[in-house]
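Numbering (mature numbering (1 follows the signal peptide of the UniProt record, and there is no 0)), first residue to last: -18 to -1, 1 to 325.
Data first, discussion second: the structure below is written as structure tokens.
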Amino acid sequence: LSMHALLIVAVALSPVTATAWSEKDATGEDVYPPLWELAPENLLDFLVKDNKIVINAWNYQERLGVYKNLLSSSAKYFNAFGYQNFGNILWGLPLQHGWQFRTGRLADHSRETSCGYEDGDHLCISVRSWWACMNYYLAVIPFLGAVEAGLFGQLQYEIEILPPQERRTDFCYSVAHCRSLFPKLMDEWKDYFEVNNNHATSSSFKIDDALGLLWKAHVTSIAYALSKFQDSLKYLSGPEANFGEDWANAVDFIAATHFSTDLQNTNDFQAFLPQRMLVEGDVLPSISDFSPQQNKVLVSLRALHKANQLSGRGLLLKLWQKAMSTEAGRKIGRELIEGLVSS
């Protein structure tokens, strides 16, 4: 049965290819998230007020700056894994955030404000965006976990995150606040950064171990956020809401393989995600302005989500996780994700 489950999931996750990398702008311009070069690259580039570093996580450039600081401060751990920090496995987070921004997924989908729209406040991230709220748990909380783990050394200032205008109780705003609300989640992100810190310079550092901790924290972040922001799906079209939930479900399957979220892998993978919001009238598998691969990815994600639901209590995911419980199994899983599109 587990082999049967493996095959179902393999088919569902197959549409990914390495050709996307070669299609990138030769200058590397498309390799980074939008506006990467303008994002704050040092914690002191954010507003410093009343002995606190104050970060507006509801501004795209500032949330991107949170990621940029994480990437630069953890670069030393990944020197052996590629040129220019490209091997850093944290790249998956800002690249996903950049895709959300570029495709309009961070805007106010209730349409009651101009937050996030090109003819309004383009850099604004809306608290009415399901994607933006989900992403907060994969941006601010990892960042504060890293602060607690000592990634940035002894800081002379406290960190304070500004709250959004609505739903303030659904988020946390400092290391102490996040720890009081989400101790397990903070522990998991702290564990990831502490393991890097403790082993990066020694021969005992294994990228598979780091990926295991990263994905564990990632999946926990999504689980916390999914339960909180279900009601925000109402602002999305039916097809977009389905895609959001399908994507969140698929992350559990991808996580089990310890898929490497370095710069190249993530860019290759994201090339097959929809490059605009889905709207009413978008019918799979024949959305005319999507490539055949993009249509196929959306169909596969939908089928995977439905199969996991129909299996009862996520049995399909449990079987997949069992098949991925060894390094050899995970290697097969990753190869399926990366290579089957060419078949």
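C-beta: ideal position from N, C-alpha, C; glycine also.
Taking C-beta atoms under 8 Å as the contact rule, Phe175 and Ala207 fail to qualify, at a distance of about 20 Å. Among the bridge pairs identified by DSSP, Ile37 is matched with Ile143.
In its chain, beyond the 5 residues on either side, His240 have a beta carbon closer than 8 Å to the beta carbon of Gly194. In the three-state DSSP reduction, Val30 falls in the strand class (E or B). Put simply, of Ala310, Gln276, Arg284, Leu255 the residue whose alpha carbon is nearest the alpha carbon of Gln82 is Leu255. Counting along the chain, no alpha helix (DSSP H) covers Glu100, and no H or E run does either.
In this structure the segment 269 to 287 does not touch the segment 92 to 103; the number of beta carbon pairs closer than 8 Å is below three. In the displayed model, Cys106 falls within a strand according to three-state DSSP. In the three-state scheme derived from DSSP, where H, G and I count as helix and E and B as strand, His159 is classed as helix.
Between Ser108 and Leu126 the beta-carbon gap is near 22 Å, outside 8 Å, which marks them as no contact. Relative to Leu318, the option among Ile236, Gln246, Glu262 whose CA is nearest is Ile236.
With respect to the 8 Å criterion, Ala158 and Tyr49 are not classified as neighbours on the basis of their beta carbons. A residue is called buried when at least 16 other Cβ atoms come within 10 angstroms of its Cβ; Lys172 meets this threshold and is buried. Unbroken beta strand (DSSP E) stretches of 3 residues or longer found wholly inside the segment 211 to 295: none.
Linking Tyr155 to Arg161 through their CA atoms gives a straight-line distance of about 10 Å. Taking Ile123 as reference, the option from Pro221, Ser242, Thr202 with the minimal CA-CA separation is Thr202.
Distance from the CA of Ser96 to the CA of Leu215, rounded to the nearest whole angstrom, comes to 19 Å.
C-alpha of Asp264 to C-alpha of Ser270: approximately 9 Å in a straight line.
In the structure shown, Phe164 adopts coil according to DSSP, grouped into three states. Bounds of any alpha helix (DSSP H) do not take in Ser111, whose DSSP letter is neither H nor E. Taking the C-beta atoms as reference points, Leu266 is found nearer than 8 Å to Leu280. Contact between Asn224 and Leu77 is ruled out by a C-beta separation of about 23 Å, above the 8 Å threshold. Here the C-alpha atom of Arg45 lies approximately 26 Å from the C-alpha atom of Ile189. Within the same chain, and ignoring the five residues on either side of Tyr119 in sequence, the residues whose Cβ sits closer than 8 Å to its Cβ are Leu167, Ser203, Ile204, Tyr206, Ala207. The shortest C-alpha to C-alpha distance from Asn117 to any of Tyr42, Glu142, Gly135, Phe63 is the one to Tyr42.
Between the beta-carbon of Pro15 and that of Gly80 there is about 3 Å, and that keeps the pair under the 8 Å contact cut. Relative to the Cα of Thr243, the nearest Cα in the group Ser293, Asn231, Ala305, Phe60 belongs to Phe60.
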